[in-house]
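S.K.: The opening residue of the sequence shown carries number 8 in my numbering; numbering runs sequentially from there.
For each residue, glycine too, the CB sits at the ideal point set by N, CA and C.
Model, not experiment: these values are computed from the prediction.
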Amino acid sequence: MTQPQQAVQPKVTYTRGDLVLFRDVERFWLGLPGHTFVGRVERSWTNGHSGKILYDLTELSGNRARAGIDPAYMRLLPPADAMHDIDTAPLSEPETGAMTPAAVAWLRQQHATANQRPELSAQRD
8 MTQPQQAVQP
18 KVTYTRGDLV
28 LFRDVERFWL
38 GLPGHTFVGR
48 VERSWTNGHS
58 GKILYDLTEL
68 SGNRARAGID
78 PAYMRLLPPA
88 DAMHDIDTAP
98 LSEPETGAMT
108 PAAVAWLRQQ
118 HATANQRPEL
128 SAQRD
């Protein structure tokens, strides 16, 4: 009889400032709302009793501190994922329907800046 395969996450070490997705596993299994949020890693520490590394996060949606987070319920939110639409957008007039408004604004600003002629400073005698 074959055992069902489980996804195994590689051991990840998070550093201060990393953005992560966190799931409050108790709220999740109880079917309560608000069990998953985006957080910023503030610090890591070792639990003296269990020896396990835990993390303190700031929940970004409400600027709320969350302490003692188990990294088994955290996933890194890589910058490449957040910037994918900008990184893959055409540099000419982009098809804006598939991009966020912030990405469109950033691309237009970059395009305008690239096409400006540099200002010459006033010449002095």
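Classify Ala110 as buried or exposed, calling it buried when 16 or more other Cβ atoms lie within 10 Å of its own Cβ.
M.R.: buried
S.K.: Using 8 Å as the cut-off, can you tell me whether the segment 87-97 makes contact with the segment 58-72, which would need three or more C-beta pairs spanning the two stretches below that distance?
M.R.: Taking 8 Å as the limit for Cβ pairs, the verdict is that the segment 58-72 does not touch the segment 87-97.
S.K.: Straight-line CA distance for Asp94 to Leu26?
M.R.: 19 Å
S.K.: Give the secondary structure of Leu114 by DSSP, where H, G and I count as helix, E and B as strand, and everything else as coil.
M.R.: helix
S.K.: Is the beta carbon of Phe44 sitting closer than 8 Å to the one on Ile76?
M.R.: no
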